[in-house]
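Listed in order, the protein sequences are those of chains W and E.
Start counting the first sequence at 1; every next residue gets the next number (this note's numbering).
Start counting the second sequence at 1001; every next residue gets the next number (this note's numbering).
From the three backbone atoms N, C-alpha and C, an ideal C-beta is built for every residue, glycine too.
As the structure is a prediction and not an experimental result, all values here were calculated from the model.
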Amino acid sequence: MIRRRLPCFILLISGIGILAALRGENEPSAFADDVPRAGASNSIYEKEILPFLKKHCFSCHGNGKAKADLSFDKFKDDKSVYLDRKTWDGVRHMVETREMPPEGRPKPDLAESDAALKAIRGLFQEFDRTAKPNVGRVTIRRLNRTEYNNTIRDLLGVDFKPAEDFPADDVGYGFDNIGDVLSVSPLLLEKYLSAAENILDQVIVIVDPPKVVKQKIVAMANKKFKTNPNPNDLGGQGTFEEGDYAIRCQVAADQAGDEPVKVKLTAGGKILKEFEVKGPSSKSTTQEVKVRMKQGTVRVSVALLNPTVDAKEGTPKRAIYLRSLETEGPFDPPPPPRSPEYKRLMGHKEGLAPREAAREIVARFAARAFRRPVDSDEVEACLALYDDSAKKGRRFETSVQIALYRVLVSPHFLFRVELDPADTPPSTAYMLGEFELANRLSYFLWNSMPDDELFALAAKGELRKNLPQQVLRMTKDAKSKSFLESFAEQWLTLRKLETSSPDPKMFPTFNAALRDAMIRESQMFFTAVVRENRSILDLLDADFTFVNAPLAKHYGIAGVRGKEFTRVKAPPGRGGVLTHASILTLTSNSLRTSPVQRGKFVLEQILNTPPPPPPEDVPELEDQTELKGTLRQVMEQHRANAVCASCHRRMDPLGFAFENFDAVGAWRDKDGDADVDASGELPNGQTFKGPDGLKKLMRQNNTLFVRCLSEKLLTYALGRGLEPYDGRAVEKIVDAVSQDDYRFATLISEIVKSDPFQMRMTGESK
Amino acid sequence: MTPRRISRRTVLRGAGATIAVPLLDAMLPKTALGQTAAAPRRMAFIMFPLGAWMPSWMPTGNGPDYTLTPCLEPFAEYRKDMTVFGGLTCDKGYGNGDGAGDHARASGAYLTGVQVRKTAGANIQAGISADQVAAARLGDRTRIRSLELAMDRYRGTGNCDSGYSCVYEHTLSWRNATSPLPTEVNPRHVFDRLFGSGQTDTQTVVRNEIRASVLDAVISDARSLNRRLGGSDQRKLDQYLSGIRDVEQRIARATELPPVDMPRDVSRPEGVPSDLTEHMRLMYDLMALAFQTDVTRIATFMVAREGSDQRYRMVGVNEGHHTISHHQNRPANLVRLKAINVFFNQQLAYFLSRLKAVSEGERTLLDNCMIAFGSGHADPNRHSHTDLPVLLFGRGGGTITPGRYLRYPLRTPLNNLWISMLERFGVPNARFGDGTGPLEGLS
């Protein structure tokens, strides 16, 4: 008999969360029907598994007992086992690694447990082989705040971030893009309305053309202006917009001899017109000139062109009398300057009638906003609002704006709608259409709407064919920043740092700048691993990281200046997210480290095997600041309690591996006066020393981590929690990633290729 | 680094002095007979998390003759306005077979009285909450049906509590079993929602006209879409549809109701103050202002989310609230827990002072209010939900005789208090959650 090598470095049962999630809910009835019937008489469970459980497990997990929330009582036949894959994965691990039954209980002999394990495996394989696939059904979901902001940015070309004012999105299964918990309230609808109004107001700036006005520059009745001895001009300042102006002057003249008085009319030094005026001065004449003016203020004036030169004393001299000088305009001003966003939104073919122009604008906008082709009925429905408004005499832009407003509050924009194809029976898996696929892809990798390239491919029906190239392009595109940072932030629970507050007296270096730098480090590190297509195992164990001056100082790295981040070689002991100051701080108490919280973080976020909550009447060690001895000694006392031991045996060693990092993640060799002991023994007997030792083990025994990251990323990609029937898809992803050196690009492309991503179940019969 | 002290900005400047404009009879709504109607009754449900160290909360004695405990000391001045309850229980806070997750349940069941469904996301389910029972029936009498306020901006990650979605801890208000109502935490947004964001009246009229026509149009989109969707998809779209109808009604009411009579010198808040005390007081200011101007008559407020690990350094507590709430009867923890409760109660006393400063006819605004203040936990150490700390302030427009300590049989449903309040608010015979009927002897 060959004993299988333990597949994971840590041994635990999980299943608690899923057990809990399933309790009280409807059995997935659509699915249940798809499960082939294994005759009750032929039950693998009853014949090959149940006897083993009765002998070794039922004293805590059966006959009404449910330690750690696990009871086998609810399993009656093979189908019920198959429907709860997560629990049975946990059971397999526990038996395989011999963590259960716990110490102090008789252990099954190897042959006995191997037979049981083989039976469990066989049961699942048999069902997997014959079951009709269930690809799940993503609930129609509204855009969350990030998606709304990004979509508006890509739709209109302006980064308004209107959703900052929206109520915070609720979180399910660890992420804020889960359709089931993203609800719509009256408050949110009010915010949608104001946001749409503000967005459109900012893009469609309605500029009135300047009004035509008469401007009196000079209105001097009968006053005589001599021009002797110099040809001084008469006039004043005039203000102009760009456009055509009529400039008029009323003048009279004193003639000297036969020669008429010659006059020039000038604006800004430029002669607009020259003319002759005959005397006597009691008879005035009006001259007008049409001229195109630029915007600005210039002097407008008339002046004598032929002043009397060297006239003798007493002889008449030529003179002009300016009675009035006025401007009228602007006529035919140039169109107001338009922003690129305006042109992009409101552009239409030249020379169309207003309604046709409106149709072109609205049709183009609706198709992009709804992220799919729109039919003419939909466009007409939007144009009905245009018509109403135009009838009321509102201007073109305003009426178009109202039609666009309607698009922005339509459920087709606010929700990501996937419709069942016509004539498909209930509970049938079907392939998503190309446009729906484009949407899934862009909201996964960009948190935003598809771009023109995706739309074009979808329109030609060629997106599915070109998926690998598109995934690569999209991951490299700057827009993937939103996905990478928000996934990293949520997976690693980085926002918790905002509420953690290390004691200011004990940790005086911790401040807002350092906190922000910590978050940034983890986001940049995650982004680098993805964009450089590294192994996902590098997330746990890498030789590089990113720091700026405050963080470098915190880590004891010399020579880094300024707020900007730079890539550095990871200092000894550090490297990988678990040794980032961010994670180390958010899993600490304000006064000291918490190995329990650190261990729990690893179990929950890195291995996706959350421990059950502590039993109600057991004191939490975390609060017992008065206990004697080092933290490790205190915790060992705690573990002496059998109730606590089963879980803390799993959590504590993981946490102790990081004891060389204090409660804000700075390196330390001593805790108080005692040397730090960062060694540990895992429940399976493997031992390690310090963070490097643990990381080495994690690299070797990586199955749980690869599965964990696959599950989290698939959850994020789908926007729904995973169900037992997704186990097959996850298994496939994990296998493919493991066989390709754990490349991140493979993980993403396998998720995109997976059935739950590519397909959807039609609804249950109504 | 010492905590920065930030002076309380006078955002609602001189609120105390200037809010106290006497309510003139002319401002009261007239009845059909042309007589002045009584001032309306208002109702607030305020929840604080993690209960209290009960011996320092529950008084000894009975009726009007009881001794004020240390936690209740901040209410000495309001003793004649206060009803102290004993014996009330939030049974659905307990697991009842659902295992761990008392914080999510204590919050989800507080105003609903139902066992919320244990799920991390799919098919979340609670029940209609007391405030929404009132809002559904009488919310159409004011500009805003109801106001939902909270303090926490942090949204948690994933399961907030042992397999329960965070949604149960993020709100007290459920419009129906599957529609939680989000809370506002930003005072500026609350102000804008109550009073508009400073648009002039003609602008508002045009805006509302356009809004109405747009809403009318998208309703038909949603209806035709709804016909093509299945189960949980339809529920989401129903939320959208009922939200639209709500906004439509609000627009229609805005034209029917008399203009809001804003006290002078009230200005729009800047945003979320960085100082927590100031933030909390500002939320109370806004609630008082909403009641005073009759923009709404129903409000809920979470002083902090259930299970919150907020550190109340301003009262010398450097450990997280949740952490010390598992006090294990250690004196140091009990002192801290008490300090937090006293802090919460002092802030509530501030709110009461605001309400009491406003005259309405013969009475004060506080007299016309029912301000319920309590927690879904009693002793947090063991997640007890029996014999909860619950107080009621105000006279409900003369229907309640405060100044007494009323003990009810242990395990009397908390919902029965909500039913009693709803009865006085104008919703008789309300039945929801685990309520069995109104409490005896309130008046």
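Straight-line Cα distance separating residue j from residue i
| i | j | result |
| --- | --- | --- |
| D254 of chain W | V263 of chain W | 12 Å |
| F396 of chain W | V205 of chain W | 12 Å |
| L514 of chain W | V1272 of chain E | 22 Å |
| T1183 of chain E | A1150 of chain E | 6 Å |
| Q237 of chain W | E326 of chain W | 11 Å |
| D1091 of chain E | H1385 of chain E | 6 Å |
| E259 of chain W | I247 of chain W | 26 Å |
| D69 of chain W | G1376 of chain E | 24 Å |
| R1382 of chain E | P421 of chain W | 53 Å |
| I1019 of chain E | F1393 of chain E | Unreliable positioning characterises I1019 of chain E in this predicted model, as indicated by a pLDDT of 36, which lies under 50. The coordinate reading is nonetheless provided below. For I1019 of chain E and F1393 of chain E, the distance between alpha carbons rounds to 20 Å. |
| F413 of chain W | D375 of chain W | 15 Å |
| G1127 of chain E | K343 of chain W | 49 Å |
| G1403 of chain E | Y1066 of chain E | 10 Å |
| L1024 of chain E | V362 of chain W | Because the pLDDT of L1024 of chain E is 41, which lies under 50, any placement of that residue in the model is unreliable, and the number read from its coordinates should be weighed accordingly. Answer to the nearest angstrom: the Cα atoms are 52 Å apart. |
| G690 of chain W | R649 of chain W | 17 Å |
| F175 of chain W | P334 of chain W | 52 Å |
| A384 of chain W | M1262 of chain E | 39 Å |
| K788 of chain W | F72 of chain W | A query on residue 788 of chain W cannot be resolved here, the shown segment of chain W reaching from 1 to 766 and no further. |
| E1362 of chain E | S588 of chain W | 56 Å |
Proximity below 8 Å, CB of residue i to CB of residue j
| i | j | result |
| --- | --- | --- |
| G1231 of chain E | G719 of chain W | no |
| I1371 of chain E | R1145 of chain E | no |
| L1088 of chain E | R1079 of chain E | no |
| F507 of chain W | A663 of chain W | yes |
| R760 of chain W | L457 of chain W | no |
| V212 of chain W | E328 of chain W | yes |
| W1053 of chain E | H1327 of chain E | yes |
| A1100 of chain E | Y1168 of chain E | no |
| G575 of chain W | A1120 of chain E | no |
| N1208 of chain E | I1251 of chain E | yes |
| V291 of chain W | I320 of chain W | no |
Three-state secondary structure assigned by DSSP to residue i
| i | result |
| --- | --- |
| F705 of chain W | helix |
| K569 of chain W | strand |
| C60 of chain W | helix |
| D671 of chain W | strand |
| P1402 of chain E | coil |
| G461 of chain W | coil |
| L70 of chain W | coil |
| V407 of chain W | helix |
| I320 of chain W | strand |
| K262 of chain W | strand |
| I1046 of chain E | strand |
| M1370 of chain E | strand |
Given residue i as reference, the closest of the options once Cα atoms are compared
| i | options | result |
| --- | --- | --- |
| K294 of chain W | W:R248, W:D244, W:S282, W:P307 | W:D244 |
| L554 of chain W | W:H580, W:L492, W:G172 | Note on residue identity: the sequence assigns His, not Leu, to residue 554 of chain W. Checked all of W:H580, W:L492, W:G172; the closest Cα to H554 of chain W is W:H580. |
| A1332 of chain E | E:E1319, E:D1285, E:E1209, E:V1116 | E:E1319 |
| L1147 of chain E | E:L1237, E:S1179, E:V1185, E:T1364 | E:V1185 |
| R1264 of chain E | E:L1241, E:D1238, E:T1293, E:K1236 | E:T1293 |
| R318 of chain W | W:M346, W:G347, W:P280 | W:P280 |
| L155 of chain W | W:L408, W:S594, W:L189 | W:L408 |
| V400 of chain W | W:F415, W:R364, W:L419, W:D375 | W:R364 |
| R1141 of chain E | E:Q1249, E:P1070, E:D1102, E:A1120 | E:Q1249 |
| L1417 of chain E | E:C1071, E:L1111, E:D1379 | E:L1111 |
| T266 of chain W | W:G235, W:F487, W:E276 | W:G235 |
| S594 of chain W | W:A542, W:R632, W:P102, W:L110 | W:R632 |
Rounded distance between the beta-carbons of residue j and residue i, thought under 8 Å
| i | j | result |
| --- | --- | --- |
| L445 of chain W | T475 of chain W | 6 Å |
| V1358 of chain E | L1286 of chain E | The pair is not a contact, with the Cβ atoms about 14 Å apart (cut-off 8 Å). |
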